[in-house]
Structures are given as structure tokens and as C-alpha cells.
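*Asks:* Here you go, one structure.
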Amino acid sequence: MTDSVSDTIARMRQDYRAGRLRRADLAETPMEQFSIWFAEAVRADLREPNALTLSTLGLDGLPNSRILLMKDFSEAGITFYTNYTSRKAAELEASPGASALFFWEELERQVRLRGRVEKTSREDSAAYFFTRPYESRIGAWVSTQSVVIPNRAWLDLRTEEFRAKYPDTGAPDCVPLPDFWGGYRLVPTTVEFWQGQPGRKHDRFLYTQTNGTWKIERLSP
Ligand SMILES: Cc1cc2nc3c(=O)[nH]c(=O)nc-3n(C[C@H](O)[C@H](O)[C@H](O)COP(=O)(O)O)c2cc1C
Numbered sequence: 023m024t025d026s027v028s029d030t031i032a033r034m035r036q037d038y039r040a041g042r043l044r045r046a047d048l049a050e051t052p053m054e055q056f057s058i059w060f061a062e063a064v065r066a067d068l069r070e071p072n073a074l075t076l077s078t079l080g081l082d083g084l085p086n087s088r089i090l091l092m093k094d095f096s097e098a099g100i101t102f103y104t105n106y107t108s109r110k111a112a113e114l115e116a117s118p119g120a121s122a123l124f125f126w127e128e129l130e131r132q133v134r135l136r137g138r139v140e141k142t143s144r145e146d147s148a149a150y151f152f153t154r155p156y157e158s159r160i161g162a163w164v165s166t167q168s169v170v171i172p173n174r175a176w177l178d179l180r181t182e183e184f185r186a187k188y189p190d191t192g193a194p195d196c197v198p199l200p201d202f203w204g205g206y207r208l209v210p211t212t213v214e215f216w217q218g219q220p221g222r223k224h225d226r227f228l229y230t231q232t233n234g235t236w237k238i239e240r241l242s243p
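Listed below in C-alpha cells is the structure:
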């Protein structure tokens with residue numbers, strides 16, 4: 023790194039003062055609290071408030087993270103969709119625990135959810151798949167996600183093949199749901215809500231599931 027780059031990094035320093043998070047304001051369950059914060063992120067007109075970083079345990083024992091889009095949430099947890107033969111899927115098969123991290127920069131907030139991951143039902147996956155635009159449905163067939171491929175032309179050729187096989191009739195099910203594609207639900211056992219504060223004295227609250235109820239504790243920043 024050059025001196026000027028390290029000077030630039032040294033000058034990158036924000037103080038956080040967008041709002042407070044108080045114990046008294048917290049909902050009883052973390053997913054209720056998540057729903058309040060998610061609604062606020064939507065109202066703040068963030069570009070992709072449903073983007074999250076999913077970390078899994080790599081097959082080599084090192085953590086592995088990537089961005090995904092949450093497509094649903096409920097008291098049970100958060101749902102995302104992907105390829106069941108991808109690297110993340112192999113990692114979840116071997117070690118079905120994960121961490122999901124949302125960062126809403128403009129609100130100076132992060133939410134960390136940790137827990138086990140389970141596949142959604144085939145019906146849920148189908149219901150979501152058929153809402154996707156045609157090209158996204160074709161894309162699910164085209165991509166052998168996470169596998170080494172020769173070049174871009176290989177992708178383009180496969181796209182043409184699948185467009186020919188499943189022409190766009192305008193019907194939602196003109197492209198069938200691949201059996202290697204679907205959803206996962208992360209069912210959290212701990213959830214932390216973090217709100218930035220001045221002087222790095224941030225507000226942090228951790229929900230932990232104990233015997234079916236949620237304990238809430240304040241953590242040191
Ligand atoms: C903004 C954004 C949204 C993404 N959404 C998804 C998604 O919902 N599902 C998915 O499988 N990959 C999504 N990706 C691609 C993943 O980050 C990743 O490259 C892919 O899932 C392969 O990961 P893996 O090799 O660890 O399985 C997204 C990437 C970005 C940057």
C-alpha cells in the first residue's frame with residue numbers, strides 16, 4: 023500500500039449518531055425486532071436492504087462468506103434461494119450452521135443472525151421460482167454454480183440451449199423448477215442488533231434462545 027493510500031484510509035472515520043437503541047424499545051423476539059428494523063431499512067429507501075452476507079464453514083475448515091438476497095422472513099427465520107449443488111450447499115450439507123449479516127450503512131446498523139440452516143419445502147421453492155423473471159429462471163438452469171467453467175461463451179451457449187428448450191410463453195411455469203435449485207431457511211438461535219453511537223460506544227443487544235424463550239443482554243461495544 024502506498025503512503026497516500028494509507029493516509030486516505032487513516033482519514034476514513036465516521037462518527038455514528040443516526041439513533042439510539044434502548045433495551046426498553048426492543049421487541050420480545052428477535053424476528054419481531056428484525057421486522058421493525060427491516061421496515062425502517064425499506065422506508066430509508068436503501069438500494070438492497072435484503073442483501074446479507076452468509077458465512078458458512080468451508081470444507082477446508084476456513085469460514086466462507088458471500089452476499090445473498092433474503093427473499094422472505096418470518097418468526098421461523100430468514101429465507102434465501104440458491105443452487106443446491108453450489109459450494110455453499112456442499113458446505114451446509116457438511117455443516118448446517120451459518121451466520122447471516124445485514125449491514126444498513128445509512129442507518130448505522132448491523133444485524134447478525136446465527137443458527138442452523140434447513141431447506142425450504144419444494145412447494146415454497148416453486149412458489150418463489152415462478153415469480154422470477156424469465157431470464158432469472160433460465161439462469162437457474164444455465165448456472166452450474168461454483169463449478170469451474172471454460173469461458174463466457176460456454177455460458178452464452180448454454181443460455182441459448184435452455185431458451186430453446188424452455189421458450190418464453192409468458193406463463194410463469196414455462197421454465198420448470200430445477201430439482202437442484204431452491205431455498206434455505208436460517209433458523210436463528212442468537213441474533214444481535216447493533217446501532218452505531220458516538221465515540222465508538224455503540225448499542226449492542228444479543229438475543230439468545232434458551233428453553234424456547236429469548237434472553238436479551240446488552241453487550242459491550
Ligand atoms: C448483491 C448480490 C446478490 C446475490 N444474490 C444471490 C442469491 O440470492 N442467491 C445466490 O445463490 N447467489 C447470489 N449472489 C451470488 C453469491 O454472492 C455467490 O457468488 C454465489 O451464490 C456462489 O456462492 P458459493 O460458491 O459460495 O456457493 C449474489 C451476489 C450479490 C453481489
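Going by my numbering, the first residue of the sequence shown is number 23, and it counts up by one from there. For glycine and all other residues, C-beta sits at the position ideal for the given N, C-alpha and C.
Just the C-alpha distance for T211 and D67, rounded to the nearest angstrom, thanks.
*Replies:* Along the sequence shown, read from residue 1 onward, the residue named residue 211 stands at position 189. Along the sequence shown, read from residue 1 onward, the residue named residue 67 stands at position 45. Spanning the two alpha carbons is a distance of roughly 29 Å.
*Asks:* Where do the ends of the beta strand (DSSP E) carrying K110 lie?
*Replies:* Position 88 of the sequence shown, counted from the first residue, corresponds to residue 110. Where K110 is concerned, there is no enclosing beta strand (DSSP E), although the alpha helix (DSSP H) it sits in stretches over R109 to A116.
*Asks:* May I ask which residues mark the beginning and end of the alpha helix (DSSP H) holding L177?
*Replies:* The residue given as residue 177 occupies position 155 in the sequence shown. Unbroken alpha helix (DSSP H) run through L177: R174 to K187.
*Asks:* Assuming V133 and A120 form a contact by the criterion Cβ under 8 Å, report the distance between their Cβ atoms to the nearest whole angstrom.
*Replies:* For the purposes of this step, residue 133 is identified with residue 111 of the sequence shown, where counting begins at 1. For the purposes of this step, residue 120 is identified with residue 98 of the sequence shown, where counting begins at 1. Going by Cβ atoms, the distance from V133 to A120 rounds to 14 Å, so no, they are not a contact pair.
*Asks:* If we ignore side chains and look at the alpha-carbon of each, how far apart do V169 and A61 end up?
*Replies:* For this step, residue 169 is matched to residue 147 along the sequence shown. For this step, residue 61 is matched to residue 39 along the sequence shown. Computed Cα separation, rounded: 36 Å.
*Asks:* Tell me whether K223 is buried or exposed, calling it buried when 16 or more other Cβ atoms sit within 10 Å of its Cβ.
*Replies:* Translated into positions along the sequence shown, residue 223 becomes position 201. Exposed, by the Cβ-count rule.
*Asks:* By the 10 Å Cβ neighbour count, where 16 or more other Cβ atoms means buried, how is S158 classified, buried or exposed?
*Replies:* As a first step, residue 158 is located in the sequence shown; it is residue number 136 there, counting from the start. Exposed, by the Cβ-count rule.
*Asks:* Write down the C-beta distance between Y150 and Y106 rounded to the nearest angstrom, noting that I regard them as a contact closer than 8 Å.
*Replies:* Locating residue 150 in the sequence shown gives position 128, where the first residue counts as 1. Locating residue 106 in the sequence shown gives position 84, where the first residue counts as 1. No, Y150 and Y106 are not in contact; Cβ-Cβ is about 14 Å, not under 8 Å.
*Asks:* With DSSP collapsed to three states, give me the class of P19.
*Replies:* The question about residue 19 has no answer, for the chain in this structure spans 23 to 243.
*Asks:* Check whether the Cβ atoms of L123 and L79 lie closer than 9 Å to each other.
*Replies:* As a first step, residue 123 must be located in the sequence shown, where it is residue number 101. As a first step, residue 79 must be located in the sequence shown, where it is residue number 57. Contact flag unset, no.
*Asks:* Counting only the same chain and skipping the five closest in sequence on each side, list residues whose C-beta sits under 8 Å from that of G99.
*Replies:* Taking the sequence shown and counting its residues from 1, one reaches residue 99 at position 77. Counting only Cβ-Cβ distances below 8 Å, and skipping sequence neighbours, we find M53, L135, G137, R207, L208, V209 and P210.
*Asks:* Helix, strand or coil for D94? Go by DSSP, reduced to three states.
*Replies:* Here residue 94 is taken as the residue at index 72 of the sequence shown, counted from 1. Strand at D94.
*Asks:* State yes or no: is the C-beta of A73 nearer than 8 Å to some heavy atom of ligand 1?
*Replies:* If you number the sequence shown from 1, residue 73 lands on position 51. True, at least one ligand heavy atom lies under 8 Å from that Cβ.
*Asks:* D146 by DSSP, collapsed to three states: which one?
*Replies:* The residue you call residue 146 lines up with position 124 of the sequence shown. D146 falls in the helix class under three-state DSSP.
*Asks:* Using C-beta distances below 8 Å, list every residue in its chain close to R88, excluding the 5 sequence neighbours before and after it, in chain order.
*Replies:* If you number the sequence shown from 1, residue 88 lands on position 66. Answer for R88: T75, L76 and K110, listed in chain order.
*Asks:* Give me the DSSP bridge partner(s) of E140.
*Replies:* Numbered from 1 along the sequence shown, position 118 holds the residue referred to as residue 140. Bridge partners of E140: R207.
*Asks:* Looking only at C-alpha atoms, which of T30, G192, L81 and S147 sits nearest to E199?
*Replies:* As a first step, residue 199 is located in the sequence shown; it is residue number 177 there, counting from the start. The question names Glu, but residue 199 is Leu in the sequence shown. Ranking the options by Cα distance to L199, first place goes to S147.
*Asks:* Check for me: the alpha helix (DSSP H) holding S242 runs from which residue to which?
*Replies:* Counted from its first residue, the sequence shown places residue 242 at position 220. First-last for S242: undefined, no H or E at that position.
*Asks:* Using a 10 Å radius around the Cβ and a threshold of 16 neighbouring Cβ atoms, would you call G192 buried or exposed?
*Replies:* The residue you call residue 192 lines up with position 170 of the sequence shown. When all chains shown are included, G192 counts as exposed.
*Asks:* Contact defined as beta carbons within less than 8 Å: I believe G204 pairs with T153. What is the distance between those atoms, to the nearest angstrom?
*Replies:* What you label residue 204 is simply residue 182 of the sequence shown in a count that begins at 1. What you label residue 153 is simply residue 131 of the sequence shown in a count that begins at 1. With 8 Å as the limit, G204 and T153 do not qualify as a contact, their Cβ atoms being about 14 Å apart.
*Asks:* To the nearest angstrom, how far is the alpha carbon of S117 from that of D82?
*Replies:* The residue given as residue 117 occupies position 95 in the sequence shown. The residue given as residue 82 occupies position 60 in the sequence shown. Their Cα atoms are separated by approximately 12 Å.
*Asks:* Looking at C-alpha atoms only, which residue of R185, R144, E97 and F184 is the closest neighbour of E50?
*Replies:* As a first step, residue 50 is located in the sequence shown; it is residue number 28 there, counting from the start. Out of R185, R144, E97 and F184, E97 has the C-alpha closest to the C-alpha of E50.
*Asks:* Less than 9 Å separating the beta-carbons of Y38 and P194?
*Replies:* The count along the sequence shown starts at 1 and reaches residue 38 at position 16. The count along the sequence shown starts at 1 and reaches residue 194 at position 172. Taking 9 Å as the Cβ cut-off, Y38 and P194 do not qualify as a contacting pair.
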